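**Student:** One structure, pasted below without further comment.
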Amino acid sequence: DLQMRKRMQDELKRLQRESGITFLYVTHDQGEALAMSDLVIVMDEGTIVQVGSPEEVYSAPATRYVANFVGDSNLFDGTILEIHDGVASVETELGVLTGVRRGARRSKAGQRVALAIRPERISLQAVDGRAALAGRVVDRVFLGSSTRVVVEVAGVAKVLADHPGTSPLEVDDPVSISWRVEDAIVVDP
């Protein structure tokens, strides 16, 4: 059960700290991996695709696979139009979106990429004219500490947004969605 798993995680972390030895913990539960680890290694078909702290792997995924595998992400495929001071303009099906390129890989105009934005980084507002993107609520699910709101944008994309607590938005409400540029991460496809 969930409470027993959490107690076991705490006990394993305590044993590791007290003994000072390295533990190798293999799991397919991404939340558990993030909570238990000092270093996370993400593998795809037997190949290491990213190594980093839990925060790095979650907040700055290197590839579309990592962004999709570790937690939920809104992923928009596109092509880089230009890069200026580490911020890329990416042509997507929703129009030109901007995002930050992190990591050591070089990007250039014309390169195919994906833009990854975590649902908790999306801001929702009732329509007020300030929209980064205008949309319509098509679903909402109460999750306890948050409400997952699904917004249809331009009739082509569904964007996940996590609203703390209970969201006042209802299905069919018009909304605007926005995010900080630094929360949109340009990743390899």
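Our numbering numbers the first residue of the sequence shown as 69 and each following residue consecutively.
The C-beta atom is built at its ideal place from N, Cα and C for all residues, glycine as well.
As the structure is a computational prediction, the values presented were derived from the model and not from experiment.
1) May I ask you to report which of helix, strand or coil DSSP gives G99?
2) Could you check whether the Cβ of L162 sits closer than 7 Å to any Cβ belonging to chain B?
3) In terms of residue numbering, what span does the alpha helix (DSSP H) encompassing E123 cover?
4) Are the CB atoms of I151 and S127 nearer to each other than 7 Å?
5) How many whole angstroms separate the CB atoms of R180 and P257, which I take to be in contact at a CB cut-off of 8 Å?
6) Taking the straight line between their C-alpha atoms, what separation do you get for V206 and T215?
7) Take D140 as the anchor and find which of V249, S244 and K226 has the nearest alpha-carbon.
8) Might you give, ordered along the chain, the residues of its own chain that have their beta carbon closer than 6 Å to the beta carbon of S191, omitting 5 neighbours on each side?
9) May I have the straight-line CA-CA distance separating G99 from G178, to the nearest angstrom?
10) Could you have a look at V249 and say whether DSSP puts it in helix, strand or coil?
11) With which residues is V226 paired in a DSSP beta bridge?
12) Short check: CB of F144 to CB of L183, under 7 Å?
13) What span of residues does the alpha helix (DSSP H) with A182 cover, start to end?
14) With a 10 Å radius around its C-beta and 16 neighbouring C-beta atoms as the bar for buried, classify G249 as buried or exposed.
15) Since E150 is in the beta strand (DSSP E), which residue starts that stretch and which ends it?
16) How many Å lie between I116 and N136 at the Cα?
17) Which same chain residues, not among the five before or five after V239, have their C-beta less than 8 Å away from its C-beta?
**Tutor:** Straight from the coordinates:
1) helix
2) Absence of chain B from the displayed structure is noted, only one protein chain being present.
3) P122 to S127
4) no
5) 5 Å
6) 13 Å
7) K226
8) S246
9) 35 Å
10) helix
11) This sequence places Lys at residue 226; Val is not what is there. Note: K226 sits in a beta bridge opposite E220.
12) yes
13) No alpha helix (DSSP H) holds A182; the beta strand (DSSP E) holding it covers R180 to I185.
14) Reading off the sequence, residue 249 comes out as Val, not Gly. Exposed.
15) N142 to H152
16) 15 Å
17) V205, V206, D207 and R208
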